[in-house]
DNA sequence: ACCTGAACACCGTTCAAGT
DNA sequence: ACCTGAACACCGTTCAAGT
């Protein structure tokens, strides 16, 4: 029966703070990540966090580097297979952490970030055997596509083809309410409503389609 | 000598409010756009703005639709030329309004947005003669690329190849300070430093290169 | 019809103080 | 060594009031 029966808190440390911040942003979006709410998660006053991260900016840097650490390096099976796997892993990571899309390449790069970019560039230079300029073009095209796809995908508040089809119809109705004759005004948008309102839309297939377009293009120019 | 010599303010209206908000965001980033600072621009108390926009969210909707209104529709010269011109115009718009990149496809779509998407889809269906599914694939690949490129381009705080080369060297030195032997650890990143530290890096050319990769791929699959 | 003023419930972060 | 409490300079937005 020691005197420490009282609910003792596990002391905070940097890693727990960063992980909790990621969980908060994953759940409620980056807007819901505030130092005050993060402190609440640990039943602690906001200022307690500042012993472990210098400020919110540094916290964001650390969060982004954790996401980079979750991404697969390109490796094995030839450059095309390897780059494809990297792209798929990146999209999945950005889907798990939608708040990260705009931050990945903005924050001060951490070690996982540097390792990832170095490994990817290495794959293009060595495995694919691309000359330097061509490797840069390939890298730029792929990452633009991946980040852009993630950016667009993130805006859509549904994950399955079925949810998609419902949302498309709802949006069409919302437009119809504000416009006198929407089908005549925007015929090609309403074609989309008709086509996808029933069957829905498969994001995985869409991502793969554009990815193969780019990978084939790179191979073709090699 | 009427009694109205006193500095009379032009009364606010919605358009002036939206334009001033865009100017503020263009200059200082979206973070510097606050209702309070916007009100200051008009020498008015913050609450005066709320007669013209319902709230900040609706202001953002309106700002995004102004940007959509600045973008060229695809038109003339065959689908490939038209789609290329649209892409270039979009990148330029997103470069003028970097804060818009993450908002373009998130906010409630306004009339300029609907017109733009309808015209682009129309170009792919009619001028390019693509079947529906292929038009969707083409649209998705192009917009993902354009938004992603704009997202990545925006993170780099310099605009000319020369500024780029200086920034690359500065970043390399920052990394070198924190890592014991960075050239061995990240050889492919340091290849980039060497290659671009001198000559610099041309963003316009890079954008065009990836764009042509995708346009050629679409043509090839048609 | 349009603008004001005070107030409320939030932010990140400082500083000095507690244990 | 780690956490607290009070305070400061900010937010968006409400409500009731002024002209």
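Residue numbers (my numbering), protein chains in the order written: chain A, 1 to 222; chain B, 223 to 444.
The beta-carbon is built from N, C-alpha and C at its ideal position, and this holds for glycine as well.
Just so you know, these numbers come straight off a predicted model, no measurement behind them.
Residue 31(A) touches chain B at which residues, Cβ-Cβ below 7 Å?
Within the first chain, the letter at position 31 stands for residue 31(A). Chain-order list of chain B residues neighbouring residue 31(A): empty, with the shortest C-beta distance near 12 Å, by a criterion of under 7 Å.
Do you know whose CA, among 360(B), 410(B) and 418(B), lies nearest residue 388(B)'s CA?
Here residue 388(B) is taken as the residue at index 166 of the second chain, counted from 1. Checked all of 360(B), 410(B) and 418(B); the closest Cα to residue 388(B) is 418(B).
Within the stretch 238–276 of chain B, ranges of the alpha helix (DSSP H) (whole runs, at least 4 residues)
257–263
Tell me whether the stretch 77–88 of chain A and the stretch 121–136 of chain A touch, counting them as touching only if at least three CB pairs, one residue from each stretch, are closer than 8 Å.
yes
Looking at the C-beta of residue 228(A), does it have a partner C-beta in chain B at a distance below 7 Å?
Residue numbering for chain A in the displayed model covers 1 to 222; residue 228(A) lies beyond these limits and cannot be assessed.
Say whether chain A places a C-beta atom closer than 7 Å to the C-beta of residue 223(B).
What you label residue 223(B) is simply residue 1 of the second chain in a count that begins at 1. In this prediction, residue 223(B) scores a pLDDT of 33, lower than 50, which makes its location untrustworthy; no coordinate-derived value is stated.
Residue 8(A), buried or exposed, once every other Cβ within 10 Å from all chains shown has been counted against 16
Looking up residue 8(A) in the first chain gives position 8. For residue 8(A), the predicted model reports a pLDDT of 45, less than 50, meaning its position is unreliable and no value from the coordinates is stated.
Please list the terminal residues of the continuous alpha helix (DSSP H) segment that includes residue 368(B).
Position 146 of the second chain, counting from 1, holds the residue named residue 368(B). Per DSSP, residue 368(B) belongs to the alpha helix (DSSP H) from 354–376.
I'd like to know whether the C-beta atoms of residue 248(B) and residue 319(B) end up nearer to each other than 7 Å.
In the second chain, residue 248(B) corresponds to position 26, counting from 1. In the second chain, residue 319(B) corresponds to position 97, counting from 1. Taking 7 Å as the Cβ cut-off, residue 248(B) and residue 319(B) qualify as a contacting pair.
Do you know whose CA, among 101(A), 220(A), 72(A) and 208(A), lies nearest residue 86(A)'s CA?
For the purposes of this step, residue 86(A) is taken as residue 86 along the first chain, with counting starting at 1. Distance from the Cα of residue 86(A) is smallest, within the candidate group 101(A), 220(A), 72(A) and 208(A), for 72(A).
Can you list, in chain order, the residues of the stretch 325–346 of chain B whose Cβ is nearer than 7 Å to any Cβ on chain A?
Answer in chain order: 327, 328, 336, 339, 340, 343 and 344.
What does residue 311(B) reach in chain A if we use C-beta pairs closer than 7 Å?
Here residue 311(B) is taken as the residue at index 89 of the second chain, counted from 1. Per Cβ cutoff of 7 Å: no residues; residue 311(B) is ~17 Å from chain A at best.
List the residues of chain B whose Cβ lies closer than 7 Å to the Cβ of residue 162(A), in chain order.
The sequence position of residue 162(A) within the first chain is 162, counting from 1. Residues of chain B passing the Cβ test: none, with the nearest at roughly 18 Å.
Among the residues of its own chain, which have a CB less than 8 Å from the CB of residue 399(B), if the five just before and after it don't count?
If you number the second chain from 1, residue 399(B) lands on position 177. Within the same chain, no Cβ atom closer than 8 Å to the Cβ of residue 399(B) is found once the five residues on either side in sequence are excluded.
Please confirm whether residue 54(A) and residue 41(A) have their CB atoms less than 7 Å apart.
Position 54 of the first chain, counted from the first residue, corresponds to residue 54(A). Position 41 of the first chain, counted from the first residue, corresponds to residue 41(A). It is not a contact, given that the beta carbons lie outside the stated cut-off.
Alpha carbon to alpha carbon, how far is residue 367(B) from residue 148(A)?
Residue mapping note: residue 367(B) aligns to position 145 of the second chain, counting from 1. Residue mapping note: residue 148(A) aligns to position 148 of the first chain, counting from 1. The alpha-carbon atoms of residue 367(B) and residue 148(A) are separated by roughly 6 Å.
Excluding the five sequence neighbours on either side, which residues of its own chain have a C-beta within less than 7 Å of the C-beta of residue 296(B), listed in chain order?
Within the second chain, the letter at position 74 stands for residue 296(B). Counting only Cβ-Cβ distances below 7 Å, and skipping sequence neighbours, we find 304, 305, 307, 308, 341, 342 and 345.
Could you name the residues of the stretch 345–365 of chain B whose beta carbon sits closer than 7 Å to any beta carbon of chain A, in the order they occur along the chain?
347, 354, 359, 362, 363 and 365
What residue range does the alpha helix (DSSP H) around residue 442(B) cover?
Position 220 of the second chain, counted from the start, is the residue given in the question as residue 442(B). It spans 425–443 - the alpha helix (DSSP H) in which residue 442(B) sits, taken as one unbroken run.
Would you kindly work out how many angstroms separate the C-alpha atoms of residue 214(A) and residue 440(B), rounded to a whole number?
Along the first chain, read from residue 1 onward, the residue named residue 214(A) stands at position 214. Along the second chain, read from residue 1 onward, the residue named residue 440(B) stands at position 218. Distance between the alpha carbons of residue 214(A) and residue 440(B) is about 10 Å.
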